[in-house]
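Undergrad: Just dropping this structure here.
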Amino acid sequence: PGKPSPAWTESGKNSLNIFWTDPIGSTCINYYRVTLSLGDKPKVTHKSSTTSITVTSLLPCREYGVTIVPVHRNGESNPETILSNRTFPA
């Protein structure tokens, strides 16, 4: 399948709501791997079986990188969607 797009986020003080649309050929997708990164800190990965996820317990006023990768029965898809957004100040 292709990459999920378009993707967008809504910020909260300690959270990001992340949304995307299914790619073409999405009938074979088992789930999406959603990874958040913050500078040199370890990346945090979540699984979503739908086209949205809310990630909580984030630090306020930080810029998070978000990567969304479709995973199908044969493994991860190469196309990925990358975006970033900042959480609200405390």
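Numbering (the UniProt record's numbering), first residue to last: 1 to 90. Glycine is no exception: its CB is placed at the ideal position from the N, C-alpha and C atoms.
#1: Does the distance from the CB of THR56 to the CB of ASP22 come in under 8 Å?
#2: Which of the three DSSP states, helix, strand or coil, is assigned to SER26?
#3: If you drop the 5 nearest sequence neighbours on each side, which residues of the same chain put their C-beta closer than 7 Å to that of SER48?
#4: With a Cβ-Cβ cutoff of 8 Å, do SER84 and VAL66 count as a contact?
#5: When the Cα of CYS28 is compared with those of ILE82, GLU80 and ASN74, which residue comes out closest?
#6: Can you tell which of TRP20, GLY12 and SER5 has the C-alpha that lies nearest to the C-alpha of LEU59?
#7: List in chain order: all unbroken beta strand (DSSP E) runs of 3+ residues lying wholly within the segment 7–86.
#8: If I'm right that LEU16 touches THR87 with Cβ under 8 Å, what's the distance once you round it to whole angstroms?
TA: To lay it out plainly:
#1: Within the sequence shown, numbered from 1, the residue matching residue 56 stands at position 56. Within the sequence shown, numbered from 1, the residue matching residue 22 stands at position 22. Not closer than 8 Å, so no.
#2: On the sequence shown, position 26 is the one that residue 26 refers to. Helix.
#3: Numbered from its first residue, the sequence shown carries residue 48 at position 48. By the criterion of a C-beta distance shorter than 7 Å, SER48 is surrounded in its chain by TYR31, TYR32 and VAL34, once the five residues flanking it on both sides are discounted.
#4: Taking the sequence shown and counting its residues from 1, the one referred to as residue 84 is at position 84. Taking the sequence shown and counting its residues from 1, the one referred to as residue 66 is at position 66. At the C-beta level, SER84 and VAL66 come within 8 Å of one another.
#5: The residue you call residue 28 lines up with position 28 of the sequence shown. Of the candidates ILE82, GLU80 and ASN74, the one whose C-alpha sits nearest the C-alpha of CYS28 is ASN74.
#6: Walking along the sequence shown from the start, residue 59 turns up at place 59. Selected option, being the one with the closest Cα: GLY12.
#7: Counting only runs of 3 or more residues that sit fully inside the segment 7–86, the beta strand (DSSP E) segments are 8–11, 16–19, 29–37, 44–48, 52–55, 63–72 and 81–86, in chain order.
#8: Numbered from its first residue, the sequence shown carries residue 16 at position 16. Numbered from its first residue, the sequence shown carries residue 87 at position 87. 7 Å between Cβ atoms; contact.
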